[in-house]
Structure formats: structure tokens, C-alpha cells
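A.B. asks:
Structure below.
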């Protein structure tokens, strides 16, 4: 019931949105819809994990052995909540952005929300793939319609890139499906495969899936689409991309890869981890030299995602919990970052760090909020990210599936320092120092932006101080996944 | 009462929130009242708690607020631990903190209200984090405070954010701390992996059962953290730069409290260290080296705050020496006394700077003693105390450490004493150049000279008193039995870990040691006094002096071997690898397709003959496959 | 007569036809070569039909008749093709006074 | 070596030679004439194989009607040797080589055919007679027969559409 | 049988309808009625009610597979005529519309032969009945040199392939133990093949490959599709191709399924080459029409996957593919015909001036690209699934999806042109009826994309009983 609503409300709302030929009302409409979705997902949190309301199942393609099965488990809850929170926040934060034919813009946004929800809710491989693409298409149009001047090439690259990945995944899905004893796409039968599919095959399948997810996350060296796309897309879309979409990759790995192909995951875990770590350090280093705020955030995001992926391969309860909570945190924090970037860009008309400076004098409130968000980005204690990264690292350190756990931790740890470097550089160059001709006329932020950022800050601190509820939410999922991932038990 | 300990940190937090959120509406008066009031309140609260703690056979109390993180086997409660050590630090922090807040109200008075409020908010936040650090009942809470204070020092160093250099100094501080923190974090993960817990109680009880190698590793990593926070080699260079912050900040954070966090942490985990002798030696050597290095540098500094900063580094080195040789009480004792006299000295310096209208170069001062008397006297007391001349506090604490060092190895002792000599020398060089002789500043500076308001002088006086008498809390056993009150007080903490060497060598030896150090100190004092009171050295340093003046070129070294390469690499990755390797490959695929397309379409020649020919070739190919390949 | 002879004979004719198609530019000649190919096939079919008769004739006197009928149909189709083909060629000739296939190169790439 | 064999060889050589001549002769009209010779030779084979009906039809339809049509078109366009376009020599060689190798491959593929020692019934067996063929055609093959009428219709219509002046 | 006879008869009727009146609408309506009749008749056949009791002597076999294929094909023809029928008149002045429709019907007759043949003779006749009218239709724009050229090229190469096909048939005949052309007799017990049989098989593969434009026998396709009047290009590229494909599958399924392992490799090679050439070459095209020609080659490559793995999934899939591919392509061509300029630039900014055309066109393109929620996705899905089901040729599958990714490149170029590039795309008048129909087609594609079982459940039940 609830899952269906979560998908249906934005979907229908979005489709309807195409026909509101008026910018203002379209905007309000989309906000309304997204708030409705938020309410629903909160309801979903309230009903309790055992409630039948959290699952829905219907005949879809009997011939293919695929059913319309959706459900909210812990991980689904947390990610749906993130999605549900993100969209209203985005809509309010970008309330003042102007778009040509805004109704199409908002409609597409809602459609992508529907797709994302679907991805997080689907309990059926084919359905999962469906939503996976459904989330991609609207974003493609959003970016190449309302993006920057190099938008078309950038987003096209992004689209083809991810499309290649998802097609490979499709092959993997079909292959697995054809090996399920009951010829079904259901998650259950897929989880049954871990003992049926032999090691050699699992390795192949692992790569088919991993590439798809790695592109989405993105993991080095498959990341080059990301900075361009983030730079070129309209900020609202960038928020969706970086706040939620990248989680699709992690989510996919946790739900559809690791437990389904434990042998493959185990066999290539170290290699993949190596990639993740290389990515973290690489991205952090590159981030230091970025002059474009968007690119900076993009690279920092690559680094953070790499850490989460790393923790998945570590296969420890702490690490997995860390991933869960960090997926949420990263979403919140990076959206916060984007909001600030958007504000700066809209006021100053530039994202070039070198052209900015001394904003703290003109816009103290903005400065303070940014500093807090940025500090969350560098995982300072009592911010949400600290909890996440602490768990992630300690998970990686105590990993039993690799003998390199210490090396991994130490090397990955360097990214903590690097992240401090580039974040503080950015803060200093943008907000401190003296104002220049451009930043002279800067004004402080408006009410709605204050509200949104304040809300984000509150979330940051609250989760940073009292993460327990979030952790409890995903406990069962984590245990389930870990038991499935235990390759020794095959 | 102890159950209310959570109020102690929460009050400053409240202060922070009030000052932070309403910074635009609050008047300066209100701000200062809130800022200082919360501190006073928690100081009183700490006193009350102290009253309970100091009773005999008091057992450490753990106050658990809530469950912070709990994932399958790992449980990290958000808990405070009240025992002799933490209460001692509690008193120092809140006490000295309060005085410095008070001092600030006057010192920062030129700032406009919002920034004034911002200042106090930061200060309160700092106190909050520091209290968190010392109260935490497990390493994670400790770490939270640990990074919290780092943040606050970052914010306060960069308080005047318009000045890029200050910003850089702040950044440097934060990042260097981060480097240390990484070590700390890894140590924590190791502990989790090893003991399955980070709570002091559990870790320390489990420690004796674990292999020395592991403990050495953990303790070394913890020490890396300490070097960052407490400005030891190799991570000390941030502290002198940190003087960019307002002087009271330097007094509170970069002298009295934060920088002693490392000492606190090691003292706290003394059990682990006592089980890892290797680490102890490392700590001792590093500490000693730092003490010496910093002292030498301090000899040639002309910025009044820089001198104090390096003396701080040097004194911290002493404390680590104490920790290294197992004289934990001595170390903690020195933390306390140092807190008093160093705070005093900084505030004094602040008062001087205040009087000089922002001038910090001692070469432009001189003969100030007749203009600012209170400051002068208090500053003098501070100098004597740090120089280690009995009966002022510095003497007792430093002597205890030296005694411990001697017990460990005479070499330590000799170097320590030599450092003491230097300390006495440069402190009195500072004193003499600043207060004696005749005024060398500009004319209007001379007019401007005036004694600071009482809000500044009162703290000075109080601190001066403390600096003078605090030593009697730890009178060596040599004078009278059980005269070492602090030692008894801290016994429950260090009983198992520490070994009190002091008594071992017999009373006579101890007298001798004291004698030596006193003599040495006096030599230094007199040498400096005679040399600089009349004709201070204003000449540009040359030869070896130049090297010292330039701080052994360590900053330049770091720049050359770390900072620049880092930026170079990042530039290389960004401009070369990213663009011309990875992305080039990705786009290369696209280009390859394009190219292939352009070539393939030439097959479509438009000639029927050609088409048929290709068809025939296709047929041929199929038959050839059939004939040969399939066989 | 061994069937192989017929097989190779008609294959030879067929390939000559193919070679013709490849070597000539005159549309009609090309077309004629195609006719040659068809005839080669016809011959082969007839030969096979007789072969089948020889093989199965005892049981079924009508064996192999399908082959010859097929040939009949091929002729039918060939006739139809010729009519259409020549029509197209003529139309072509009307527009460009040539029947050279090399001139058919407006459409390429 | 009986008369049949002799005739077989004669006809075969005749067919092959004239087929080659079709391909190589410069003058299109000559090609047509040589093609007629090929057809006649093939008809001869039909007779050898005792398929009189096909032989007749082949002569009438092919050698008669169709070839005349070809000739007619040639006359219409009055093509002759000197207007005959020539491919450049390399393409020709390529074509010949391709055709030759095709033959080679076919032969290679079929020389081991399992029925290579099967015989083709010569000059006896009456399935080739009009009577039998007619029976079969109008009983079993009536449907394809009708269908082929559709084929003719479409061809007719087509020719009309194309050829109609406009 | 109904379909064959009705289409033939209606073809003749169309010829004479030209005499009654040469008004375009009238002729079109007659055609539409005919098609409706065809659909009905075919459906009656499907449910086992035959108008004519004719003994085909096992030369035709009306199974559900063939008849369903007919339904799909006639259905798409109906849509085709409704969408683009009136554009036939516009090809040239004094265009013999009636005759053209007659030819279309004859082609349909051929198609319905090819979908239900049971002897190679019928296959041959069917193919010829399809080809000969197509030669004409290709050249129907008489004054247009491109049209002539296309027609002549098509004709010459078509004849050549006919020759190849006949040789193949002849060899098979020789190899057949019972001396018959009937595919059920050819098929029996062919686990190990005589050289003759194998040669015949390969030649048939080549000839049929030529008809469905499989590389390297595809060379006629781009030129012919490009040269032919766009209306008929659409017809050729969709309905005819689909029909012949059904025949292709049927032939190999019925005749050679026992020896599948022997020839799978060849099909795999051809498929790979086709996918490669089709997709890669399409990338560089400047004219949308020509691009679609190449894309049709690429799509053929995908359909060949069904031939590679002849199994239940393949049979269902090929029908779904035929439907999805035909619908989408007909739709795009219908829009393309309305464009003044066939190059990609010609589509610039279409979305601004004609949002509806752009939107529907986008859906068709997405379907061709095989994006989920469109019929094209499930079509491709079935192809891939069927191959994976066989357990071999995973490399081919991966290669295929990579090619599909390439295909996105050129399909999306159109979308980019329509939506993200500025320009004023010139469009000749479009009636509201036309637009409405486009929307219906698009809706149909989406519907099949979400619930393919609307079409497939029938098959599941029917095919497995067959």
C-alpha cells in the first residue's frame, strides 16, 4: 500500500504536471506533490517494520515470471525517506530559479522521483531495472534541456555511459533469471541463486553488475561523466543526481549484487576495494585543484561514495550500518552544499572560486550555514557524517574478508586529511578574505533558503548527536545482507 | 551532585547557542554576561563536584547520558567519567577559562556587537568541547571533544577572517591537527578491533592481557594524535602561527587548555603506556627534542607572542618528557602550573599589546615597567614561575619531571636541565627587552601607553597569585611526608601505571637535583638580565642566530617536501591524468565509433558490382568457415 | 550418368553466371547472366529429379516429379522477372540515356 | 562410351563454352545469341534426361520469348560493341577470381557428397512427359499454380505502372 | 488461406477501383476496408473458421504462429495506410494510386504465403510475389533518378539473390531423401548433415539474409531505402521485413531445427557482423532517412538473435519485435514524410513548433532504442533472453547490448535536434486525424512496453501447444 503510493503519487503528479501550463502553479503543484510523498514516507516509518502496509504485490508479467513486487525494508525506508525529504527541500531551495517552460521541468523532476522511489522499493529484478531506467530518462531531459552551455554533450556522455552500464546489468539480470529454478525475477529467487550459481559464473556476473553500479556511483576510473554532468546540469537536477541518484549504485550493490553473488563479490572484493580507494585519494587530490564550485563538490562526492563502496566490500556489520546511515547523510549534506553553491551562483553569477571572496562579511548567515554543512562534509564530530564515516572506517578496519584491511583503512584515511584541505581552501577563498568588486554587492540569503538550510543543519546535528533511530532502522536489513554475503556458508 | 556533571559542559553550550543565534540582537553587555556567566556557573559546579571527589576512597563515577552508537557488538555510550583527573582539568578549564573570558570582555571591546558575540560564542563552544574532551568516559567522546577544540581553535585563529594570513594560519592548525587525528582514529579502530570497546574502564582492564606489540602500536598511534594537538615534533609548527588569533585565545587555547589535551589523553591512558615501554621512550625523546628545539627557537624571536608560543611548545615538551618517563603526576602538575603562569604571561602580553596599541615587536618596546605597573609585576611573576625559581609554582612541577627524567636516564636529565637554562634565559630576555631599559617605540605610542582596565588586570592578579602559590600543591616528599597533595589526590589514576621515581634515589640525591636546577635557572636569569636590561639586541640575527630566528627553516622544509609536492600532484592529476588519460580514453571510444563509421560507410560504394562482389565474398567466407574452421 | 557430373556442370554454369554479373557493366547483360544462373539451377533440379526417380522409382513411379514442376515454376517467375526487369531498365534508359550500372552511384555511403 | 555419354559431353562443353562467350563477348547482341545457344544446350540435356516438356518450354519460353525480348530491347536502344561500357581490368579480374573461387569452394564442399555415386536416370522414366506433369500440376500443384497467377498479375500491373507514359 | 485469397482478390479489386474513380480518398477507403477485411478473415482463420475449403496438399500450413504474424503484419499495414496512405498521391503528379495499392495487397499476399508456407516452393513463390511489386514500388517515382537507380539496384541484386536461393533449394532437394520440397520431410532426422544439405542450408541462409538485409548481404538496403519514395521505404522497412523474418524463422525452425548446433555459428557470425555494420555505419549518417535505413539493418541484427536461438522465447519475441519495430518505424517515417528537410538539421527545434510530433517521435525513437516502458525494450529483452536461454553465445549478447548502446547515439541525435537545438523545422500540413493516430500508436507502444503480455499471453498459450 505505502510503497505503491510512494511511486504513484509522484508519477501521477508528474504526468499531470505536464498539463499545468503555468510556471507558478506548476511549481506549487510539484512542491505539494513532493510534500505528499514525504508525508507518506513518514507514515511508512510510523507503521512499524512488520506492518503489511509496507508490502505490495501484484500480477505483472506472468509469462516472464516477473511480478510487480514492491516493499519497504529498513534500507528502503531510509532511502525513500531521503528521496522524500530531498525533493521538497530542492523545490523550496530553488524556488527562485527561473526555468523556461517550468511546468515541464517540474513534471520531469517528479517523474525522476517516481523512478528513484521505484528503484528503492522494487523487490523484483525486472521491475528494478525498469525503474532504474525510468529514473534516468527524465534526468537526461532535465539536464540537456535546462543545463549549461556544454550541456548536450555532457549529459549525452552521461546518458550513454550509464546506459551501457545498465544494459550490461540487464544481461546479468536475464542470465541470473534463466538460472533461477522457478524462472522468476523475484528477489527471493535471486537470493536463492547464491548457492546455485558456481564461482566462475558468479565472477562474470559480478562484473556485469558491478560495472553498472560503479558507473552510477561513480567509482574511479568510470567517473569522468560526473563532474561534467554536475557542472552542466541545472542545480536542482544536480542535487537529485548527487544527492540520491548516486545512491542507486550503492543500493544496487547492497541489494542486488553482494547478497546475490557472494562468491563473486568475495573473489573480486579486494580489486574493487582497490578501485574505490584509488578513487577516494584521486578524487580528493583532484578536488584540491578545482576552481569551479560544482566540480569541487562533484569530486568530493566521488571520494565519499568511494568510501561507502569500500565499506560494502568489507562485509562487516559496522561497515554496512555505516553505509546505510552515510547514504542518508551524504544525501543531506551534499544537497546542502548544492544549495549554497546555487545561492552563490544565482547572486554572483559565477561559480569560479577564484572570482569570489569575502562573502562572510556580506552574507554572514550564508557563511555560517555553509561552514556547518562543509564541516559535516569533512565529517567533524557531532555532525551526521562523523557517525557514518566512523562506522565505515571501523568497519573497513575490522574486515575479515580481506587481509589488507589495515592498509585500506590507512590509505583511505588520508582522504580525511585531503578533504579537510580542499574544503577549508574553498571556505577560505569564497567566504574569508576581503570582498572584491564582484562580491561587494552580495546580499545575505532569503527566508526560504534560510529555512531549508536551517532544516538541513538541524538534521545534520541531530543525526550527528543521536543517530540511534536511524541505525536501528536498518539493523535487520544489515544482518540479513551479511548472512547472505557470508560466502563460507555456501 | 555528580549526576549533574552533564551541566558543566551543557552550560557553555547554552552560552554558545545564545550568543550564536542572537548575535545580532544582543548588546555587548549582555553577551559578556552570558559568556562569562555560564563559565562561572560551571566553575562553581565543578567546585561542588570537586568537593565530593576529594573525599577519601572516592571511586570514579560514570554518568551515561544516552547510547551514542551501538552496532552489533560495538556500544559507544555518550557517557561522562568523573574522577580525580577529569575534575582537576575541569577546574583548570573552567577556572582559567572564566578569568580569560572576563579578560576578553575588556580586551575585545573594540569589536562591533555581532562579532563580539561571535567571539564569545566561539569561546563558549571551545570550553564546551574541551569539557567534553576531559569528561568523556570513552575514547570516542574524547575524540569528539578533541576535534571540537580543533575546530574552535580554527575558528578563533581565523576570527579576523578578513586577513588572509590569519585564515591560512587557521587552516594550517586545523589540517595539522587532522593529521594527528587520523592517527588517533586508527588507534580507536584498532582498539575496537582488539578490545571490542572504547570505554576507558573496559579497555584498561583488558589491556594487561594483550600483547605488547599491539599496545605499542595503539599507544604510538594515540601519541601521533597527541603530537598534533599538543604541538610536538613533527606537527608543532602550527602553534606559533596560531598566535594570529586574539591574545586571550592564545592564552586560553594555545597555552592553558587545548594544547594540554594530548597530555591529558596520555595521562588518561597511562595504563596502556606503562605497558608499552617502547612508546614511553619515544614519547620521552620526542618531548625532550621538542622542548629543546622550541627553546632554541624562542631565543631569537622578537614577537612577544611568538616567544611565548615557542615557550609553550617547549613546556609541552617537558610534559611529554614527564609522561615518557612515567612521572604522570609531574606532567599533570606541570599542566596545571603551566596553565596558570602561561595564561598569565599571555594575558600580560595581551595587556602590553593593548597598551602599545597592537604593537607586538619587543624591539619597539622597552622600559614599560614604569607605564604599566600591574602588568609588569604580574608578568615578572610569570617569568619567574616559568623559569623555575622556588618557591614559585613552575619550580616544583618542572623539578618533579626532571627528577623523573633523572631516574629514567641521566641523559634526559641533562638535556632537560639545559632546556631549563634556555627557558630562563629567553624568558628574561623577553622580560628585560620589554619592561627594562628605556622606551624605543614611536612618540604617539608613548602617549598612548596606559594601564589596562580592571577587567583585564584582575585576572592578571588572580593568575599571578595562582602562579606563585600553586606549586605548594605538590611539594616534593623530600621536604615533608605527604606534602605532595596532588600526588595523593591522583593516586587512584596513576597508582597502577605510574612509578614515582622521585623518592627512589634517596633524599640527598633529590636535594642535589633541585639545587642544580635552581642554580641553572638562576644562571639563565642573571645572564639574560645583565645582557639585555641595558642594551637589548636589536641587530638582525646572523649566522646561527639567523637559523634560530628562522625557526630552523622547518616551515620551509615542510613546504618543500609536503605542501608543494601535494599541490603539484593534484595539478598533475587534474590537468593530465583526468583530462588526457581517463577522459580521453572515454571520449576515445566515442571517437573510435565515429571514425569506424566514417570508414565503414565507404563500403557502401554505390556500385552494384561492388555490392555483389562483397556478397560473393561473404558467401565464400561462410563456406570457408564451414570447410575449415568447423572441422 | 553419375549425378556428380550434373552437379558440377550446373555449378560451373552458375559460377560463370556469377562471374558475368561481376564483370559486366551493362545492366541487361548482368540480367542475362542472372538468367544463366537460373538455368543452371533448373538443370540441376531436373538432374536431381531423375536421380530421385532412379533411387525411389521402384516404389513410386512419380518420384522426383516435384523437381521438374519446380523448374516449371522457376521459368514462370523468371518470365515475370524479365518483364518487370526490362521495364525498369527501359525506364532507366529513358531518364539517363544509358544502361551502365556504374552510373548508378547517386546513392552511396 | 555410349551415345548418351557422347551427347552429354558434347552438350556440356557446348553449354560451358557458350556460357563463357556470353560473359566475354563485347557485343551485347552476341551475348544474347550465345545465351540462346546455352539454353538450347540445356534443353538438350533435358531431352537426355527424358524431360521433354521442360525441354520444349525452355526452348519456347527462354530461347524464344525471353531472348527475343532482350534482343528487342537491345535494338530499341541500338546498343553495340563500341557503346558497350567496360569495367576496368582489375575489377574484371576480381570478378573472375571471385566466381572461380566460388566454384572452387562449391566443388570442395560437394565433392564428398554422400550421394556422389548416385545415378541420374537417363532417357527413361516418364515423369517428364506432359501428361504426368499436367496431372501433377493441376492436382497437387494447383494452389501454387494459382498463386503464380497472382505473381503474373503483379508483374503486369507493375510493368503498366512503370511503363505508362505520364 | 483466408488472408492469401482475400489479399489477392482485393489486389485485383484495387486495380479496378482506379477505373471507378481516381479520387484518392475513395481508393484509400477501399484499401482500408480491404485491410479490415483481411484482419477479420485472418482472425477467423485463427479461431478455426475458414471461408474456403481448399486442399493445399500440405503446401501451406496454417499454424497459430503464422496467423498471429499475419495479424501483426496486417495490423501494422492498416496503421501504415491510415498514417501515410495519402502521401502516396504526393509522390508524383498523376500517380497511379490504385495500382500502387493493388501492389501493396499483392505484397501482403506474398507475405501471408511466406508466413504460412510449408514447402520451399511456396516460400520461393511468396518471396517473389513480395519482391516483384517492391521493385516496382521502389521505382514508382519515375521521373526521380534516385528512385530509378534504387529500383534497378534492388532488382538486379534481388534477382541475384533469387538465383542463390534457388541453388540452395536445388541442393536441398538433391539432399532430401524423399525427393520433396516439403519442409517437414526435409527436416527429419538431420542430426549429421550431408555436404549437399549443408551447402543448400548455407545458400538459403544467404538468400534469406539478403532479403532481411543481414550483413554482408545488406548492401542494397541503404541505397534502396534511401532512393525509394519514403512512403514505400516505410512499407518495405517494416511490414515486408517483418513478414520475411517470420518466414526466415519458420524455415529454420521447421526444417533445420534438428541440426541447430551445426549452423548456429554461422548465424552468430552474421548477426554480429550485421549488428556491427548496421549500428556503426548509422552513426555518421547525415540524413535521417538513411540513418533509419541503417538502423533497420541494426534492428535486423537483433531479430537474427531469435534465429540463432530458436525456442519459445524466440518465437514470442520475434512477433513482439515485429510489432514493436513496425509500429515505431512506421510512426517515424510517417513523421519523416511530413518533414521538408530529411537531414538531422531539418529536425532542429521541432519540439517548439510541433510539440506533439516531437513527443510522439521521441517515443518511437525511445522504443527503437529499446528504453524500458516502450515496446522496444521487451522486444530486445526477448531477443537477449532467448539467446541467454540457450546457454551459449553470451559474448554475442554482450556485443549486442553494446551495439544497442551505440544505437542510442544516433537515435538520440534526432531527439537532441528536436528538443535541445534551436531552429525552425519545416513541416508540411498535418491533419488533426493524423496527429490523433500518431498519439494512438505511441500509446500502443507504451502499452506494449508496460504490459507486453497483452500480446504475448496469447502466444504463450498458443505457441507452446503448437
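Protein chains in written order, with the numbering used here: chain Y, 1 to 490; chain V, 1 to 631; chain C, 1 to 109; chain B, 1 to 166; chain X, 1 to 466.
Built from N, CA and C at the ideal position, the CB exists for glycine as well.
(1) Residues of chain V with CB under 9 Å from residue 102 (chain B), in chain order?
(2) Taking the continuous beta strand (DSSP E) assigned at residue 64 (chain V), which residues delimit it?
(3) Give the DSSP-derived three-state secondary structure of residue 20 (chain Y) in the structure shown.
(4) Apart from the five residues just before and just after residue 534 (chain V), which ones in its own chain have a Cβ nearer than 7 Å to its Cβ?
(5) Measuring alpha carbon to alpha carbon, tell me which residue in V:294, V:591 and V:601 is nearest residue 235 (chain V).
(6) Between residue 20 (chain X) and chain B, is the shortest Cβ-Cβ distance under 8 Å, so that the two count as touching?
(7) If I measure Cβ to Cβ from residue 31 (chain X) and keep anything under 6 Å in the same chain, skipping five residues before and after, which residues do I get?
(8) Are any of the Cβ atoms in chain V nearer than 8 Å to that of residue 466 (chain X)?
(9) Taking all protein chains shown into account, do 16 or more other C-beta atoms lie within 10 angstroms of the C-beta of residue 166 (chain V), making it buried, or fewer, making it exposed?
(10) Which residues in chain B have a C-beta closer than 8 Å to the C-beta of residue 12 (chain X)? List them in chain order.
(11) Return the bridge partner residues of residue 340 (chain V) from the DSSP annotation.
(12) Might you give, ordered along the chain, the residues of its own chain that have their beta carbon closer than 7 Å to the beta carbon of residue 129 (chain V), omitting 5 neighbours on each side?
(13) Say whether the region 35-51 of chain C touches the region 154-169 of chain X, bearing in mind that this needs 3 or more beta-carbon pairs closer than 8 Å, one atom from each stretch.
(14) Do you know offhand how far residue 629 (chain V)'s Cα is from residue 250 (chain Y)'s?
(15) Give the interface partners of residue 117 (chain X) over in chain V, defined as CB-CB distance under 9 Å, in chain order.
(16) Hey, would you say residue 349 (chain Y) sits closer than 8 Å to residue 232 (chain Y), going by beta carbons?
(17) For residue 61 (chain Y), which residues does DSSP report across the bridge?
(18) Does the region 107-115 of chain Y come within contact of the region 55-75 of chain Y, defined as at least 3 CB pairs closer than 8 Å?
(19) Just to confirm the assignment, what range does the alpha helix (DSSP H) spanning residue 11 (chain V) have?
(20) Between the Cα of residue 466 (chain Y) and those of V:69, V:529, V:21 and V:126, spot the shortest distance and give me the residue it belongs to.
(21) I'd like to know whether the C-beta of residue 84 (chain B) is nearer than 8 Å to at least one C-beta of chain C.
(22) Can you grab the Cα-Cα spacing for the pair residue 104 (chain X) / residue 43 (chain X), in whole Å?
(23) Only counting runs of 4 or more residues, tell me where the alpha helix (DSSP H) segments fall wholly within the region 282-343 of chain Y, in order along the chain.
(24) Short check: CB of residue 384 (chain Y) to CB of residue 464 (chain Y), under 8 Å?
(25) Return the residues of the region 430-448 of chain Y that lie within a Cβ-Cβ distance of less than 7 Å from chain V, sorted by chain order.
(26) Taking the alpha carbon of residue 539 (chain V) as the point to measure from, which residue in V:300, V:594 and V:244 has its own alpha carbon closest?
(27) Tell me, please, which residues DSSP counts as bridged to residue 55 (chain Y).
(28) Helix, strand or coil: which one does DSSP assign to residue 509 (chain V)?
(29) Relative to chain C, which residues along the region 122-151 of chain X have a C-beta separation below 8 Å, given in chain order?
(30) Residue 117 (chain X) by DSSP, collapsed to three states: which one?
(31) If you draw a straight line from the C-alpha of residue 281 (chain X) to the C-alpha of residue 294 (chain X), how long is it?
(32) Using the beta-carbon of each residue, which ones in chain X are nearer than 9 Å to residue 133 (chain Y)?
C.D. replies: Reading from the atomic positions:
(1) 616, 619, 620 and 623
(2) 61-71
(3) coil
(4) 437
(5) V:294
(6) no
(7) 81 and 101
(8) Residue confidence is low: residue 466 (chain X) scores 48 on pLDDT, short of 50, so the model does not pin down where it sits. No coordinate-derived value is stated.
(9) buried
(10) 153
(11) DSSP lists no partner for residue 340 (chain V).
(12) 145, 148, 149 and 152
(13) yes
(14) 45 Å
(15) Under the 9 Å cutoff, chain V gives no residues; its nearest Cβ is about 24 Å from residue 117 (chain X).
(16) no
(17) Y:66
(18) no
(19) 7-21
(20) V:69
(21) yes
(22) 20 Å
(23) 293-314
(24) yes
(25) 432, 433 and 434
(26) V:300
(27) Y:71
(28) helix
(29) 124, 125, 128, 132, 135, 136, 139, 142, 143, 145, 146, 148, 149, 150 and 151
(30) strand
(31) 7 Å
(32) 371, 372, 373 and 377
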